[in-house]
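Please read the structure below before turning to the comments.
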Amino acid sequence: MTITNPSAKSQISIADLPDTGLPRDAYTSDDWFAHELDTFFAARWHYVGHVSQLSKAGDFIKFDFADYSVLVTRSRSGEISALHNVCRHRGSRLTDDAKGNCKRAFVCSYHGWSYGHGGELLGAPRMQADFDKSAFPLKRAAVDVWAGLVFVNFSESPATTVAQHLAVADLSKYRLDETKVAWDETKVLKCNWKVLWENGLECYHCAINHPEVSKVIRVERDGPLGTVLPDGDFDWTNDYPLNFESLTIDGKYGVKKFLGDPETPQPNASYLSWHSGSLEVVVLPDYVKITNYKPLDAHTTEARVIGLVNADAQEDVDYDLAHLREVSIATRSQDDALCELIQRGLNSPAYEPGPFNDTYETINRNFKRLYLEAIGR
Amino acid sequence: MTITNPSAKSQISIADLPDTGLPRDAYTSDDWFAHELDTFFAARWHYVGHVSQLSKAGDFIKFDFADYSVLVTRSRSGEISALHNVCRHRGSRLTDDAKGNCKRAFVCSYHGWSYGHGGELLGAPRMQADFDKSAFPLKRAAVDVWAGLVFVNFSESPATTVAQHLAVADLSKYRLDETKVAWDETKVLKCNWKVLWENGLECYHCAINHPEVSKVIRVERDGPLGTVLPDGDFDWTNDYPLNFESLTIDGKYGVKKFLGDPETPQPNASYLSWHSGSLEVVVLPDYVKITNYKPLDAHTTEARVIGLVNADAQEDVDYDLAHLREVSIATRSQDDALCELIQRGLNSPAYEPGPFNDTYETINRNFKRLYLEAIGR
Amino acid sequence: MTITNPSAKSQISIADLPDTGLPRDAYTSDDWFAHELDTFFAARWHYVGHVSQLSKAGDFIKFDFADYSVLVTRSRSGEISALHNVCRHRGSRLTDDAKGNCKRAFVCSYHGWSYGHGGELLGAPRMQADFDKSAFPLKRAAVDVWAGLVFVNFSESPATTVAQHLAVADLSKYRLDETKVAWDETKVLKCNWKVLWENGLECYHCAINHPEVSKVIRVERDGPLGTVLPDGDFDWTNDYPLNFESLTIDGKYGVKKFLGDPETPQPNASYLSWHSGSLEVVVLPDYVKITNYKPLDAHTTEARVIGLVNADAQEDVDYDLAHLREVSIATRSQDDALCELIQRGLNSPAYEPGPFNDTYETINRNFKRLYLEAIGR
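Residue numbers (our numbering), protein chains in the order written: chain A, 5 to 381; chain B, 5 to 381; chain C, 5 to 381.
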């Protein structure tokens with residue numbers, strides 16, 4: 005993967021960036037959080053799931069974010085829609101199922117109004133004769149698919165497609181659209197989402213916290229990370245190289261069928277690609293690990309980790325799920341405990357933003373700048 | 005029961021009423037909720053209990069609403085009082101018992117100040133010689149009894165008596181004052197009280213949600229409900245007729261002794277009477293079901309269901325309680341699940357108030373108008 | 005112990021003080037609580053622990069208050085410091101241990117920055133060459149030791165030392181510095197801290213609530229308490245005399261080795277000394293009971309009770325801990341139930357501040373005046 009970001013307006017000199025972390029309010033204030041939802045998250049692409057979860061007509065995924073609930077659906081003609089999960093009559097949710105297959109229509113359990121896969125109001129039992137069904141389709145959110153990953157945007161007219169947003173990241177040779185979900189797990193943590201996010205932007209903390217990662221990836225560095233940073237967003241290409249075959253407990257491939265060409269692992273696959281609001285994509289030769297942070301309030305975040313493998317790989321034949329996930333589970337657990345401890349420190353009125361490490365925390369410094377621009381502060 | 009509301013200033017034409025439900029804030033906003041408590045609930049009659057629960061001198065019922073706590077008491081001379089459950093010395097609650105009998109005095113457990121059944125300060129041990137006990141009676145709320153039902157009003161001078169407020173409803177032939185409480189149960193639900201309230205104002209949802217009710221009551225309709233709506237308040241007389249004897253699982257009478265004349269069921273008793281803030285009274289020939297919604301916060305409501313039967317009816321002789329309650333329990337459970345699902349839908353910023361059904365939701369439309377008038381919005 | 009408060013500017017006439025308790029907002033309002041934290045608690049000395057808990061180099065106690073977390077440490081040279089428990093790099097807490105011994109350095113678990121016992125930054129691994137460690141010591145709070153009791157103040161420059169603050173209280177003959185902690189227990193209560201505090205300022209409630217206390221201490225009175233009240237703070241010397249040897253369930257000494265002279269009990273030791281924000285010190289001939297109220301929010305308080313005995317007294321030889329604590333546990337439990345009931349009463353909009361008892365509640369009246377002055381209301 006190479007960084008190609010033609011839309012970047014300038015090269016950012018690390019020396020010009022501010023020298024300390026975000027202020028306390030950014031991690032603790034309810035007002036800051038509300039502002040962040042309105043400015044940062046309301047106009048961003050949110051990762052919803054993998055296109056393989058929408059393979060058949062009627063398949064749907066429910067995506068809840070803050071007070072929103074959206075159903076991402078596939079219709080008989082193959083079109084993917086993002087429909088607000090709110091009946092146009094009395095406002096009831098149409099379903100609370102996290103995912104499923106809707107044969108013909110989403111039928112509201114309250115009064116039986118029914119909607120097609122594209123949101124059209126099919127039936128409104130016993131409404132007055134002059135009632136115009138065509139005026140009450142489910143409201144829509146924007147939806148986009150990129151590299152097999154499905155995204156939703158609550159903005160009515162998003163400024164960019166996901167492809168434009170992720171222009172620097174070319175993951176095409178890994179064929180993420182030809183993968184399947186091997187695991188998908190969520191956990192609620194007592195910290196602001198940015199504590200988790202910033203934790204993931206650097207490996208300065210890896211040597212003393214992540215022995216499993218430090219064994220298979222070279223986490224120590226000589227020079228700064230991301231010397232050429234994209235300007236348009238928080239995307240980032242990592243260059244921590246693998247010492248062994250893959251990010252597993254023994255450093256060996258965890259899946260026999262590789263991404264892209266199932267017979268031959270892609271070289272130099274230890275890339276990390278960061279993008280959008282709170283999504284991290286780690287691409288190894290044999291699997292992809294997607295981590296997504298969903299803010300619940302200023303002090304609480306839902307962390308979700310999804311694993312993708314070659315769609316043809318069979319569990320217990322081509323991979324042992326426990327082995328494949330072992331490093332991920334250990335690392336998550338280590339970072340989660342750390343991040344909750346950090347949040348308690350940030351809560352103190354005595355907290356003062358500290359200096360960045362010039363070698364390891366250059367991405368954090370860039371995130372801070374772009375984040376503050378995005379929220380207008 | 006016939007609708008007679010001489011104080012109604014005008015007949016409301018359904019066609020003139022607004023065409024959609026309440027806005028999102030009405031169901032979700034803390035500010036709206038605080039305003040609603042101050043304007044709507046602070047000046048309304050609240051159902052507290054049945055007069056049979058205050059039959060003996062010293063009997064009391066505690067009624068908690070929002071931050072208020074009131075003791076409704078009966079004195080030796082028979083007078084019923086509503087006394088704020090707050091000692092005039094350091095402010096302690098006098099009792100946390102939901103009901104009971106207070107022989108001589110309510111004695112504060114903190115310093116032993118004691119109050120009579122009418123709130124007069126009887127004793128204030130070891131206070132200074134010039135302390136004037138008559139200056140510190142318990143503060144009073146307004147209290148009223150109508151048809152055996154006891155009501156409290158936090159307003160110092162309520163605009164109307166309960167009888168005036170409920171002028172349209174003549175339930176005298178059912179002799180509700182000659183009944184007793186057969187059951188009394190509360191449950192906390194995760195939705196705004198108006199979701200529950202509006203759910204009870206229509207039977208558009210009955211056919212697909214309440215098979216037990218739909219069997220014994222004719223829930224389908226030809227014309228609009230409540231074509232002649234009272235103007236003064238939300239009172240309403242239902243005209244869903246019974247297909248069988250009573251609202252029970254088999255459609256048979258649930259109590260052998262009827263309301264009013266114990267030997268002869270009152271005809272056409274399938275009336276529903278709605279009134280005041282959040283109280284529903286369903287009168288069947290053989291029992292009364294009272295449902296009361298007490299808002300706890302914008303997203304949480306306590307629902308209470310009370311059953312009244314003829315005071316002379318004996319449990320296990322004249323009625324089987326499980327049989328009598330079976331439809332109520334099933335219906336409550338169906339509506340509770342629905343209402344919590346609706347609230348989650350209403351929380352979405354994508355919710356937009358939807359159109360009313362001209363046949364089934366005319367009462368809801370009227371409620372909306374009167375409610376908005378009552379809160380001044 | 006005698007009251008000697010030379011700094012007192014005037015003698016307060018009890019008759020001149022306001023005649024009723026604090027308003028409802030003082031016990032219920034979030035805004036009042038925030039103001040109280042900023043004005044009252046931010047500049048007060050907070051009791052942290054006993055100096056015997058910091059006897060060895062590296063010993064530390066963690067003290068959390070509101071969002072603050074402070075480590076009180078003893079260095080090799082014997083100096084006691086109060087250090088904010090917030091790493092100067094990314095803000096993580098250095099430790100979540102309530103107490104312990106730190107051999108060489110507090111090492112941040114995030115990136116390994118390490119700090120000495122006095123807060124100096126000893127190491128910051130792999131930071132840039134020009135990074136100046138001396139610019140990033142842990143931030144400091146004020147710390148003071150008085151009579152063996154350790155106090156912290158979040159104000160950068162406290163107006164007084166603890167000794168000045170407690171000038172009226174001479175406890176020197178009890179040698180509190182030569183004691184040890186016999187028990188230390190916390191409990192969370194659902195009431196404002198001032199409900200607990202005011203409860204402890206009077207024994208008007210003792211006769212009917214605390215039979216164990218009333219047996220061994222003469223709680224009934226003829227004249228007003230604290231006729232000569234100190235003006236500078238809330239300090240107070242009690243004069244409820246002991247009827248028996250000590251405050252135990254049988255009135256006998258609970259510890260064989262006394263405070264001060266281990267062979268001879270100090271006479272007239274039934275003094276109570278109140279001071280500072282929310283700390284009560286009860287000194288008996290054979291033990292000290294310290295009670296501390298830490299506000300968590302307007303409606304929640306952590307109560308902590310610590311017992312001190314002669315440092316040479318041995319458990320099971322010189323004292324039976326269960327016997328020593330029996331009255332304290334019973335009284336605490338009685339007061340806790342009372343205070344939660346009082347809070348529910350104070351929540352009512354019908355609460356109106358009530359009159360003080362001229363004999364028993366004179367200290368409460370004085371507290372009210374000084375408290376309102378301290379918070380500027």
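Each residue gets a CB set at the ideal place from its N, CA and C atoms; glycine is no exception.
Go through its chain and collect everything with a Cβ distance to N216 (chain C)'s Cβ below 7 Å, but skip five positions before and after it.
-> Start at 1 with the first residue of the third sequence, and residue 216 (chain C) comes out as number 212. One detail in the question is off: residue 216 (chain C) reads as Glu in this sequence, not Asn. Answer for E216 (chain C): I253, V331, A334, T335, listed in chain order.
For V348 (chain B), is the classification buried or exposed, using 16 other Cβ atoms within 10 angstroms of its Cβ as the cut-off for buried?
-> Locating residue 348 (chain B) in the second sequence gives position 344, where the first residue counts as 1. It is Arg, not Val, that sits at residue 348 (chain B) in the sequence shown. R348 (chain B) comes out buried.
Which residues, taken in chain order from the region 342 to 355 of chain C, show a beta carbon closer than 7 Å to some beta carbon of chain B?
-> L342, L345, I346, R348, G349, L350, N351, S352, P353, A354, Y355
Mind checking which residues open and close the beta strand (DSSP E) that includes T366 (chain B)?
-> Along the second sequence, one-based indexing puts residue 366 (chain B) at 362. Taken as a continuous stretch (DSSP letters only), T366 (chain B) belongs to no beta strand (DSSP E), being part of the alpha helix (DSSP H) at 366 to 379.
From this set, C:L288, C:G380, C:L26, C:V199, which residue's C-alpha is nearest Y114 (chain B)'s C-alpha?
-> As a first step, residue 114 (chain B) is located in the second sequence; it is residue number 110 there, counting from the start. Minimum Cα distance to Y114 (chain B) is reached at C:V199.
Identify whether K198 (chain B) lies in helix, strand or coil by the three-state DSSP scheme.
-> Taking the second sequence and counting its residues from 1, one reaches residue 198 (chain B) at position 194. In the structure shown, K198 (chain B) sits in a helix (DSSP, three-state: H, G or I).
Between Y178 (chain C) and Q270 (chain C), is the Cβ-Cβ spacing less than 9 Å?
-> Counted from its first residue, the third sequence places residue 178 (chain C) at position 174. Counted from its first residue, the third sequence places residue 270 (chain C) at position 266. Contact: yes.
Rounded separation between V26 (chain A) and L170 (chain A) - CA only = Start at 1 with the first residue of the first sequence, and residue 26 (chain A) comes out as number 22. Start at 1 with the first residue of the first sequence, and residue 170 (chain A) comes out as number 166. In the sequence on display, residue 26 (chain A) carries Leu and not Val. So the two alpha carbons sit approximately 25 Å from each other.
Find the nearest neighbour of V365 (chain A) within the set A:G258, A:C207, A:A46, judged by alpha-carbon distance.
-> Here residue 365 (chain A) refers to the residue found at position 361 when the first sequence is read from its first residue. For the sequence presented, residue 365 (chain A) should be read as Glu rather than Val. For the residues A:G258, A:C207, A:A46, the minimum Cα distance to E365 (chain A) belongs to A:C207.
Local conformation of R435 (chain A) per DSSP, three classes = Not covered by the structure: residue 435 (chain A). The range shown for chain A is 5 to 381.
Are E182 (chain B) and N314 (chain B) closer than 9 Å when you measure CB to CB?
-> The residue labelled residue 182 (chain B) in the question sits at position 178 within the second sequence. The residue labelled residue 314 (chain B) in the question sits at position 310 within the second sequence. Yes, Cβ-Cβ distance for E182 (chain B) and N314 (chain B) is below 9 Å.
State the CB to CB distance for the pair E202 (chain A) and F371 (chain A), rounded to an integer number of angstroms; the pair is presumed to be in contact (CB under 8 Å).
-> Along the first sequence, read from residue 1 onward, the residue named residue 202 (chain A) stands at position 198. Along the first sequence, read from residue 1 onward, the residue named residue 371 (chain A) stands at position 367. E202 (chain A) to F371 (chain A), Cβ: 7 Å. Contact.
State the Cα-Cα distance for the pair S138 (chain A) and E124 (chain A), rounded to the nearest angstrom.
-> As a position in the first sequence, residue 138 (chain A) is number 134, starting the count at 1. As a position in the first sequence, residue 124 (chain A) is number 120, starting the count at 1. Between S138 (chain A) and E124 (chain A), the C-alpha separation is close to 7 Å.
Could you give the C-beta distance for C106 (chain A) and G62 (chain A), rounded to a whole number, given that I count them as a contact under 8 Å?
-> As a position in the first sequence, residue 106 (chain A) is number 102, starting the count at 1. As a position in the first sequence, residue 62 (chain A) is number 58, starting the count at 1. That belief holds up - the Cβ atoms of C106 (chain A) and G62 (chain A) are roughly 5 Å apart, short of 8 Å.
Which of helix, strand or coil does DSSP assign to I253 (chain C)?
-> Counted from its first residue, the third sequence places residue 253 (chain C) at position 249. Here I253 (chain C) sits in coil by DSSP.
Contacts of K143 (chain A) in chain B (Cβ-Cβ under 8 Å) = Sequence index remark: in the first sequence, residue 143 (chain A) carries index 139 (1-based). The answer, in chain order, is A354, E356.
Span separating the alpha-carbon of F248 (chain A) from that of D339 (chain A) = The residue labelled residue 248 (chain A) in the question sits at position 244 within the first sequence. The residue labelled residue 339 (chain A) in the question sits at position 335 within the first sequence. The alpha-carbon atoms of F248 (chain A) and D339 (chain A) are separated by roughly 23 Å.
Is it buried or exposed for S352 (chain A), if we count other Cβ within 10 angstroms and need 16 for buried?
-> The residue labelled residue 352 (chain A) in the question sits at position 348 within the first sequence. Buried, by the Cβ-count rule.
Where does H303 (chain B) fall in DSSP's three states?
-> Numbered from 1 along the second sequence, position 299 holds the residue referred to as residue 303 (chain B). Looking at H303 (chain B) - three-state DSSP - the assignment turns out to be coil, as it is neither helix nor strand.
Residue-chain proximity (D63 (chain C), chain B), Cβ-Cβ < 9 Å | Within the third sequence, the letter at position 59 stands for residue 63 (chain C). By this cut-off, D63 (chain C) is not an interface position.
Beta-carbon proximity list for L75 (chain B), same chain, < 6 Å, skipping 5 on both sides | The sequence position of residue 75 (chain B) within the second sequence is 71, counting from 1. Within the same chain, L75 (chain B) has close Cβ partners F64, K66, L87, N89.
Residue from A:Y291, A:E284, A:S81 with nearest C-alpha to K256 (chain A) | To locate residue 256 (chain A), count along the first sequence from 1; it is residue 252. Of the candidates A:Y291, A:E284, A:S81, the one whose C-alpha sits nearest the C-alpha of K256 (chain A) is A:Y291.
Which chain B residues sit within Cβ distance under 7 Å of H115 (chain A)?
-> As a first step, residue 115 (chain A) must be located in the first sequence, where it is residue number 111. The contacting residues are Y208, H209.
Between the C-alpha atoms of P289 (chain B) and P299 (chain A), what's the straight-line distance to the nearest angstrom?
-> To locate residue 289 (chain B), count along the second sequence from 1; it is residue 285. To locate residue 299 (chain A), count along the first sequence from 1; it is residue 295. Roughly 54 Å separates the two Cα atoms.
Beta bridge counterpart(s) of N314 (chain C) as assigned by DSSP = By 1-based counting over the third sequence, the position of residue 314 (chain C) is 310. For N314 (chain C), which the question treats as bridged, DSSP gives the partners C:T183.
Beta-carbon proximity list for S274 (chain B), same chain, < 6 Å, skipping 5 on both sides | Residue mapping note: residue 274 (chain B) aligns to position 270 of the second sequence, counting from 1. With a pLDDT of only 48 at S274 (chain B), under the threshold of 50, the placement of this residue in the model should not be trusted; the figure read from the coordinates follows. Cβ neighbours of S274 (chain B) beyond the five flanking positions: P245, L246.
Where do the ends of the beta strand (DSSP E) carrying L126 (chain B) lie?
-> As a first step, residue 126 (chain B) is located in the second sequence; it is residue number 122 there, counting from the start. Run containing L126 (chain B): 125 to 127, per the beta strand (DSSP E) assignment.
Could you give the residue range of the beta strand (DSSP E) that holds N4 (chain B)?
-> No information on residue 4 (chain B) is available, as it lies outside the stretch 5 to 381 that chain B covers here.
Quick one: list the residues of chain C neighbouring I212 (chain A), beta-carbon separation under 8 Å, in chain order.
-> Working through the first sequence from its first residue, we reach residue 212 (chain A) at position 208. S113, H115, G116, listed in chain order.
Measure the alpha-carbon distance for F37 (chain A) versus W197 (chain A) and round it to whole angstroms.
-> Within the first sequence, residue 37 (chain A) is the residue found at index 33, counting from 1. Within the first sequence, residue 197 (chain A) is the residue found at index 193, counting from 1. Answer to the nearest angstrom: the Cα atoms are 10 Å apart.
To the nearest angstrom, how far is it from the Cα of K143 (chain C) to the Cα of S159 (chain C)?
-> Position 139 of the third sequence, counting from 1, holds the residue named residue 143 (chain C). Position 155 of the third sequence, counting from 1, holds the residue named residue 159 (chain C). Spanning the two alpha carbons is a distance of roughly 12 Å.
Are there 16 or more other CB atoms within 10 angstroms of the CB of S337 (chain B), so buried, or fewer, so exposed?
-> By one-based count along the second sequence, residue 337 (chain B) stands at place 333. By the neighbour-count rule (16 or more Cβ atoms within 10 Å), S337 (chain B) is not buried but exposed.
Mind checking if F360 (chain B) is an interface residue toward chain C, Cβ cutoff 9 Å exclusive?
-> As a first step, residue 360 (chain B) is located in the second sequence; it is residue number 356 there, counting from the start. No, F360 (chain B) does not count as interfacial toward chain C.
Could you say which of B:R329, B:A302, B:C91, B:P141 lies nearest to C195 (chain B) if we only look at CA atoms?
-> Here the question's residue 195 (chain B) lines up with position 191 in the second sequence. Among B:R329, B:A302, B:C91, B:P141, the Cα nearest to that of C195 (chain B) is on B:A302.
With a cut-off of 9 Å, does the C-beta of S274 (chain C) fall near any C-beta of chain B?
-> The residue labelled residue 274 (chain C) in the question sits at position 270 within the third sequence. Interpretation of S274 (chain C) is limited by its pLDDT of 47, a score under 50 that renders its predicted location unreliable; the figure taken from the coordinates is listed afterwards. Taking Cβ atoms only, chain B never reaches closer than 9 Å to S274 (chain C), which makes this a no.
Please compile the residues from chain A whose C-beta is within a distance smaller than 7 Å of the C-beta of V90 (chain C).
-> Translated into the one-based positions of the third sequence, residue 90 (chain C) becomes position 86. Per Cβ cutoff of 7 Å: G349, S352, A354, Y355.
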